[in-house]
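Working notes, beginning with the structure itself.
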Amino acid sequence: METPSIAPNPAAAVLIGDPAKFGRVDENGTVYVTTSTGEKMVGSYPGKTPEEALAYFVRKFEVVASEVALLAARIISGAMVPHDAHQAVSKLKNQIENLNGVGNLDALKSSIEQIPALIDEHKSAYEAKKAAEAAAKAEK
1 METPSIAPNP AAAVLIGDPA KFGRVDENGT VYVTTSTGEK MVGSYPGKTP EEALAYFVRK
61 FEVVASEVAL LAARIISGAM VPHDAHQAVS KLKNQIENLN GVGNLDALKS SIEQIPALID
121 EHKSAYEAKK AAEAAAKAEK
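Quick note on this note's numbering: the sequence shown kicks off at 1 and runs consecutively.
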(Lines of atoms letter the chains of each structure in order from A; the text may use other names.)
(Lines give C-alpha, C1' and ligand atoms only; values in the text may rest on other atoms or scores of the structure.)
Protein backbone atom coordinates (compact mmCIF):
# COMPACT_ATOMS: atom_id res chain seq x y z
CA MET A 1 0.00 0.00 0.00
CA GLU A 2 1.38 3.43 -0.87
CA THR A 3 1.90 6.16 1.70
CA PRO A 4 -1.02 8.61 1.72
CA SER A 5 -0.25 12.05 0.38
CA ILE A 6 -2.76 13.53 2.81
CA ALA A 7 -1.95 12.62 6.40
CA PRO A 8 -4.49 13.79 8.95
CA ASN A 9 -3.12 14.94 12.27
CA PRO A 10 -3.29 11.86 14.47
CA ALA A 11 -5.09 12.21 17.78
CA ALA A 12 -1.77 12.04 19.61
CA ALA A 13 -0.47 15.08 17.74
CA VAL A 14 -3.46 17.25 18.60
CA LEU A 15 -3.39 16.17 22.24
CA ILE A 16 0.27 16.89 22.93
CA GLY A 17 0.97 19.74 25.26
CA ASP A 18 -0.30 21.40 28.37
CA PRO A 19 -4.12 21.54 28.60
CA ALA A 20 -3.74 25.01 30.11
CA LYS A 21 -2.52 26.14 26.68
CA PHE A 22 -5.99 25.44 25.27
CA GLY A 23 -8.20 26.17 28.24
CA ARG A 24 -8.61 27.80 31.59
CA VAL A 25 -10.88 27.81 34.62
CA ASP A 26 -12.02 31.15 36.04
CA GLU A 27 -12.55 32.01 39.70
CA ASN A 28 -16.21 30.87 39.48
CA GLY A 29 -15.28 27.41 38.17
CA THR A 30 -16.33 28.09 34.59
CA VAL A 31 -14.13 26.35 32.01
CA TYR A 32 -13.13 28.00 28.73
CA VAL A 33 -11.41 26.65 25.63
CA THR A 34 -9.04 28.87 23.65
CA THR A 35 -9.04 28.73 19.84
CA SER A 36 -7.64 30.90 17.08
CA THR A 37 -10.89 32.89 17.15
CA GLY A 38 -10.87 33.50 20.90
CA GLU A 39 -12.34 31.92 23.99
CA LYS A 40 -15.53 29.89 24.28
CA MET A 41 -17.20 28.80 27.50
CA VAL A 42 -17.50 25.01 27.60
CA GLY A 43 -19.10 24.52 31.01
CA SER A 44 -18.30 24.06 34.67
CA TYR A 45 -17.72 21.18 37.05
CA PRO A 46 -19.06 22.27 40.45
CA GLY A 47 -17.39 21.00 43.58
CA LYS A 48 -14.13 20.15 41.85
CA THR A 49 -10.73 21.81 41.81
CA PRO A 50 -9.80 23.87 38.73
CA GLU A 51 -7.42 21.07 37.71
CA GLU A 52 -10.16 18.43 37.97
CA ALA A 53 -12.60 20.61 36.03
CA LEU A 54 -10.05 21.21 33.28
CA ALA A 55 -9.18 17.49 33.14
CA TYR A 56 -12.87 16.60 32.76
CA PHE A 57 -13.23 18.81 29.68
CA VAL A 58 -9.89 17.62 28.27
CA ARG A 59 -11.22 14.04 28.43
CA LYS A 60 -14.30 15.10 26.45
CA PHE A 61 -11.97 16.46 23.77
CA GLU A 62 -9.83 13.30 23.82
CA VAL A 63 -12.86 11.10 23.12
CA VAL A 64 -13.71 12.97 19.92
CA ALA A 65 -10.04 13.23 18.86
CA SER A 66 -9.75 9.46 19.26
CA GLU A 67 -12.83 8.95 17.08
CA VAL A 68 -11.25 11.09 14.34
CA ALA A 69 -8.00 9.10 14.53
CA LEU A 70 -9.89 5.78 14.46
CA LEU A 71 -11.92 6.90 11.45
CA ALA A 72 -8.73 7.81 9.56
CA ALA A 73 -7.14 4.46 10.44
CA ARG A 74 -10.20 2.52 9.26
CA ILE A 75 -10.22 4.44 5.98
CA ILE A 76 -6.51 3.88 5.36
CA SER A 77 -6.86 0.14 6.05
CA GLY A 78 -9.74 -0.16 3.59
CA ALA A 79 -12.00 -1.44 6.36
CA MET A 80 -14.70 1.18 5.94
CA VAL A 81 -17.28 1.59 3.20
CA PRO A 82 -16.57 5.00 1.60
CA HIS A 83 -20.23 6.07 1.85
CA ASP A 84 -20.25 5.22 5.57
CA ALA A 85 -16.98 7.09 6.01
CA HIS A 86 -18.48 10.24 4.51
CA GLN A 87 -21.43 9.93 6.90
CA ALA A 88 -19.04 9.50 9.83
CA VAL A 89 -17.15 12.63 8.76
CA SER A 90 -20.38 14.60 8.74
CA LYS A 91 -21.30 13.33 12.21
CA LEU A 92 -17.84 14.10 13.61
CA LYS A 93 -17.80 17.59 12.07
CA ASN A 94 -21.02 18.30 13.92
CA GLN A 95 -19.62 16.87 17.16
CA ILE A 96 -16.47 18.98 16.85
CA GLU A 97 -18.44 22.13 16.07
CA ASN A 98 -20.54 21.64 19.19
CA LEU A 99 -17.83 20.11 21.39
CA ASN A 100 -17.68 21.37 24.94
CA GLY A 101 -14.15 20.18 25.50
CA VAL A 102 -10.67 21.56 26.01
CA GLY A 103 -7.91 20.80 23.53
CA ASN A 104 -6.49 21.97 20.24
CA LEU A 105 -9.83 22.42 18.48
CA ASP A 106 -8.20 24.13 15.50
CA ALA A 107 -5.99 21.09 14.83
CA LEU A 108 -8.91 18.73 15.36
CA LYS A 109 -11.04 20.69 12.87
CA SER A 110 -8.16 20.60 10.41
CA SER A 111 -7.87 16.82 10.82
CA ILE A 112 -11.53 16.16 10.10
CA GLU A 113 -11.45 18.53 7.09
CA GLN A 114 -8.66 16.40 5.55
CA ILE A 115 -10.55 13.12 5.81
CA PRO A 116 -12.84 13.42 2.72
CA ALA A 117 -9.73 13.57 0.51
CA LEU A 118 -8.34 10.59 2.43
CA ILE A 119 -11.55 8.67 1.71
CA ASP A 120 -11.21 9.36 -2.01
CA GLU A 121 -7.53 8.43 -1.96
CA HIS A 122 -8.17 5.09 -0.24
CA LYS A 123 -11.35 4.13 -2.05
CA SER A 124 -9.31 1.80 -4.26
CA ALA A 125 -7.95 0.01 -1.15
CA TYR A 126 -11.50 -0.64 -0.02
CA GLU A 127 -12.53 -1.85 -3.47
CA ALA A 128 -9.47 -4.15 -3.71
CA LYS A 129 -10.26 -5.64 -0.30
CA LYS A 130 -13.87 -6.32 -1.33
CA ALA A 131 -12.73 -7.85 -4.64
CA ALA A 132 -10.31 -10.16 -2.81
CA GLU A 133 -13.06 -11.20 -0.39
CA ALA A 134 -15.41 -11.92 -3.31
CA ALA A 135 -12.71 -13.93 -5.10
CA ALA A 136 -11.99 -15.96 -1.97
CA LYS A 137 -15.69 -16.63 -1.52
CA ALA A 138 -16.04 -17.70 -5.16
CA GLU A 139 -13.21 -20.24 -4.76
CA LYS A 140 -15.09 -22.07 -2.00
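For each residue, glycine too, the CB sits at the ideal point set by N, CA and C.
How many angstroms separate the CA atom of G103 from the CA atom of G23?
7 Å
Could you please give the first and the last residue of the uninterrupted beta strand (DSSP E) stretch that includes V25?
23–25
Please report the straight-line C-alpha distance between Y32 and I96, rounded to a whole angstrom.
15 Å
Quick one: Cα of V68 to Cα of S124, how far?
21 Å
From what residue to what residue does the beta strand (DSSP E) around V42 run?
38–44
Rounded to whole angstroms, what's the CA-CA distance from T35 to A136? Just pull it up for me.
50 Å
To which residues does DSSP link V31 through a beta bridge?
V25, G43
How many Å lie between G38 and L105 at the Cα?
11 Å
Range covered by the alpha helix (DSSP H) that runs through K129:
123–139
Output needed for D18: all residues of its chain with C-beta closer than 8 Å, excluding positions within five of it in sequence on either side, in chain order.
none
A88 (DSSP reduced to helix, strand or coil)
helix
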